[in-house]
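Single-structure report; data block below.
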Amino acid sequence: CSKLATLTIPASVNYIYTSTYMNKTIFATGPFEGCKNLKTINDNAMQAQGFWNKDAQGKNLFQDVPADAVINTPEGSDYTSWAKYVNGLGLSVKITASGLGSYFINKDLTVPTTGVSAIYLVTGSDDDAAFTELHDGFIPANTAFIVKGNANSNVTFRTTTIPTEVKVNVADNLLKGSMEDQTAESSHQFYILSKTAALTGTEPATFEAVATGTTLTRNQAYLPNIKALQTTANGTTTGIKAVRNAEQNTI
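So for the sequence shown, the working numbering puts the first residue at 3; every next one is plus one.
See the structure below:
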């Protein structure tokens with residue numbers, strides 16, 4: 003293993019065992035022990051492999067992966083369950099026909115240098131909100147955001163640890179997200195981007211209410227019921243009036 007530089011995990015692999023059955027024994031080391039020269043892991047499964055043990059799951063699995071290694075994953079795949087445990091993991095984010103997508107994850111991210119033209123937060127107050135472009139190249143953990151790119155494409159963000167000297171100010175971001183599915187208990191609890199939303203310097207994106215009883219899928223950004231959202235005659239909501247021009251959103 004010490005000479006291994008690239009590893010491919012077949013799509014047929016469903017579990018990576020870091021403990022014995024039913025959590026009776028958690029292994030002291032992970033499967034990559036001694037792989038000090040491993041630079042690339044190509045995981046071909048469409049969903050992150052499961053673990054038998056719980057709390058120690060990903061921490062145990064990735065503890066011996068070199069810090070500069072990258073984990074490549076397929077376009078359109080779901081590896082969110084691994085995200086908080088490792089840097090360099092590729093996370094696929096869907097951009098819809100509108101040219102916009104949204105995301106939320108519990109791990110710092112680096113912004114792709116290709117396929118993404120802008121990252122936006124929604125900032126301001128309950129009754130005065132606007133889109134603010136983020137220029138830092140990083141997105142802090144637990145920050146919901148909107149990504150602008152090529153319509154009907156997938157872009158890959160990578161997990162990272164933001165350097166301590168880089169301070170990304172997202173304190174007034176009104177967008178929310180969750181690592182778990184949520185069910186709307188009322189018709190005004192969650193507002194998500196319309197599939198036909200647009201976002202330019204003069205045209206705001208449209209948000210639509212999630213119907214009562216509908217599941218809001220995890221890792222999706224949404225707005226709570228803020229006053230800035232004004233319902234139009236056709237039932238859609240706008241109210242986020244423009245893109246606030248910010249050269250840098252750092253402190």
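Don't be surprised by glycine CBs; every beta carbon is placed ideally from N, CA and C.
Note that the structure is a prediction, hence the values are computed from the model and not measured.
Asked	Found
For glycine 36 and aspartate 183, the rounded distance between their alpha carbons	38 Å
Assigned secondary structure, threonine 82 (DSSP; H/G/I helix, E/B strand, else coil)	helix
Residues near lysine 197 by beta carbon distance below 8 Å, same chain, minus five either side	Thr98, Ala99, Ser100
Local Cβ density within 10 Å of serine 79, reported as buried at 16 or more and exposed below that	buried
Run of the beta strand (DSSP E) containing serine 127, from where it starts to where it stops	118-127
The segment 82-92 in contact with the segment 155-164 per 3-pair CB rule at 8 Å	yes
Neighbourhood of isoleucine 253 by C-beta distance below 6 Å, restricted to the same chain and skipping five residues each side	With a pLDDT of 23 at isoleucine 253, under the threshold of 50, the modelled position of this residue cannot be trusted, and the question is left open.
Alpha-carbon spacing of lysine 150 relative to threonine 214, whole angstroms	28 Å
Presumed contact (8 Å Cβ cut-off) between glycine 103 and valine 113, rounded CB distance	That pair is no contact at about 13 Å.
Assigned secondary structure, leucine 176 (DSSP; H/G/I helix, E/B strand, else coil)	coil
Separation of lysine 229 from aspartate 128, as counted between CA atoms	6 Å
Leucine 231 versus serine 188 - alpha carbon distance	16 Å
Which listed residue (Ala71, Asp66, Ile73, Tyr81) has its alpha carbon closest to that of methionine 48	Tyr81
CA nearest to the CA of isoleucine 148, picked from Phe140, Ala173, Arg220, Phe106	Phe106
Inter-residue spacing [alpha-carbon to alpha-carbon] between aspartate 110 and isoleucine 18	24 Å
Distance, asparagine 39 Cα to alanine 69 Cα	10 Å
Secondary structure of leucine 9, DSSP reduced to three states	strand
C-alpha gap between tyrosine 193 and alanine 7, whole angstroms	45 Å
Cut-off 6 Å between Cβ atoms - residues of its own chain near alanine 71, not counting five sequence neighbours on either side	Leu40, Lys41, Gly90
Length of the line joining the Cα atoms of alanine 131 and threonine 125	5 Å
Under the three-state DSSP convention, the category leucine 40 falls into	coil
Threonine 134 burial status per 10 Å Cβ neighbour count (16 or more: buried)	buried
Close beta carbons around serine 4, own chain, < 8 Å, minus the five adjacent residues each side	Gly36, Cys37, Lys38, Asn39
Per DSSP, cross-strand counterpart(s) of arginine 160	Gly92, Thr112
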